Amino acid sequence: MPIHEKSLIRPENLKTHDSLILDGVDVSGHWSTFIESRVVADYNEAIEDEIAALPGGEHIHRCWQCGSCTNSCTVNAINPDFNPRYWIYLIRMGMESELLRDKDIIWQCVSCNKCTYACPRDVFPEGVMKATSHWLELKGHTPKSPSMHFDEVFTEQIVKTGKIEESRTIRRFFQRTNQGLLQDWMLEMVKQLLRGLPIGLLTRMGLATFVAPRTSNWSRASAAMQEYIDEQHEKQEEALSLAQLVKAAQEDVAA
Ligand code: SF4
Ligand code: SF4
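Numbering that gives the first Met the number 0 puts the first residue of the sequence shown at 0, with every later residue one more than the last.
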């Protein structure tokens with residue numbers, strides 16, 4: 000399926016002639032603009048299966064490229080390079096090198112799920128964005144993203160204590176991502192909280208940052224959750240290695 004969006008043409012692929020006369024007509028500059036053709040030779044047919052094997056990527060095969068996800072996307076409204084429809088197209092076509100050109104922005108999905116509600120095919124594009132970021136990390140194309148660090152901190156806290164304490168989560172997240180706690184927006188938020196919340200609640204929140212309260216009798220639930228998480232990790236690793244074996248076999252047949 001061809002890509003029609005003008006914004007997707009990379010600037011380096013747009014060529015013009017400073018001085019060009021055709022049949023006596025001066026078409027210098029932007030009048031002679033053309034798109035340089037390119038050849039993609041490094042298809043990776045395993046990508047779609049690999050991403051489909053990760054949580055959130057399961058329904059990527061349903062996409063019919065209508066573009067409703069990109070149209071409704073919160074991040075796309077700010078940065079047109081953030082384009083879920085296009086990335087799903089690249090993944091399904093196996094165009095790995097093209098996908099890797101955007102590897103540093105794919106993780107920026109803010110999980111607002113507007114795309115999920117707009118998608119007529121139940122692809123769950125938000126999940127596909129998560130799965131793609133995860134895939135980029137597992138393959139070593141990107142370092143662990145801030146959102147992945149956040150998910151890990153959040154999950155660890157739930158599994159360990161059965162509770163979510165926002166102040167503790169934020170503190171751990173900042174530590175994990177080497178960020179200082181005293182950021183301007185944080186100070187402003189604390190100031191607002193101090194003005195608006197009862198002192199008892201504020202004290203409890205402050206204490207919870209340092210002393211993690213636990214849900215009573217949580218140990219069995221915690222063990223069950225950890226077992227499930229380990230099982231899922233194992234399945235994902237297996238799926239990624241299986242997809243690699245399929246790819247190697249396809250290359251052998253083609254050789
Ligand atoms: S969930 Fe992510 S991809 Fe979907 S609309 Fe929101 S920012 Fe865009
Ligand atoms: S809205 Fe759904 S079907 Fe349409 S392009 Fe996005 S993921 Fe594909």
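Backbone N, C-alpha and C fix where the C-beta goes; we use that ideal spot for every residue, glycine too.
For clarity, every value in this text was computed on a predicted model and none was experimentally measured.
What number of angstroms, rounded off, separates the C-alpha of Arg84 from the C-alpha of Glu236?
Going by the C-alpha atoms only, they are around 26 Å apart.
Cα-Cα separation between His140 and Leu201, rounded to whole angstroms:
Each residue's alpha carbon lies about 42 Å from the other.
Any 3 or more C-beta pairs closer than 8 Å across the segment 204-215 and the segment 155-164
Yes, the segment 204-215 is in contact with the segment 155-164.
Endpoints, the beta strand (DSSP E) within which Phe153 is located
No beta strand (DSSP E) contains Phe153, which is instead part of the alpha helix (DSSP H) from 145-160.
Does the Cβ of Ser67 have 16 or more other Cβ atoms within 10 Å, making it buried, or fewer, making it exposed?
When all chains shown are included, Ser67 counts as buried.
Using a Cβ distance threshold of 8 Å, determine whether the segment 119-126 contacts the segment 52-61, with at least three qualifying pairs required.
The segment 119-126, when compared against the segment 52-61, does touch it at the 8 Å Cβ threshold.
Use the C-beta contact count for Tyr88: other C-beta atoms within 10 angstroms, 16 or more gives buried, fewer gives exposed.
So Tyr88 counts as buried.
Which ranges does the beta strand (DSSP E) cover as unbroken runs of at least 3 residues, wholly within the segment 160-205, from first to last along the chain?
The DSSP assignment places no complete beta strand (DSSP E) segment of no fewer than 3 residues inside the segment 160-205.
If you reduce the DSSP assignment to three classes, tell me which class Ala207 lands in.
DSSP places Ala207 in helix when its eight states are reduced to three.
Alpha helix (DSSP H) segment containing Leu98, residue limits:
Leu98: member of the alpha helix (DSSP H) spanning 95-99, first to last residue.
Secondary structure of His58, DSSP reduced to three states:
The DSSP-derived three-state label of His58 is coil.
Glu187 versus His148 - alpha carbon distance:
Going from the Cα of Glu187 to the Cα of His148 covers about 24 Å.
Could you tell me the boundaries of the alpha helix (DSSP H) in which His133 lies?
Where His133 is concerned, the enclosing alpha helix (DSSP H) stretches over 124-137.
Which whole-angstrom value describes the C-beta separation of Lys129 and Thr73, a residue pair presumed to lie in contact below a C-beta threshold of 8 Å?
So it is not a contact: roughly 15 Å between Cβ atoms.
Distance cut-off 7 Å: Trp63 Cβ against heavy atoms of ligand 2
Answer for Trp63: yes, Cβ within range of ligand 2.
Just to confirm, does Gly66 get its C-beta within under 7 Å of one of the non-hydrogen atoms of ligand 2?
Relative to ligand 2, the nearest heavy atom lies less than 7 Å away from the CB of Gly66.
Stretch-stretch touch, CB-based, cutoff 8 Å, three pairs: the segment 20-31 with the segment 88-99:
Counting C-beta pairs with one atom in each stretch, the segment 20-31 and the segment 88-99 have fewer than three that are closer than 8 Å, which means they do not touch.
Let me confirm a value: Thr256 is counted as buried when at least 16 other C-beta atoms fall within 10 Å, else exposed. Which label applies?
Look at the range of the chain in this structure, 0 to 254, and you will see that residue 256 is not part of it.
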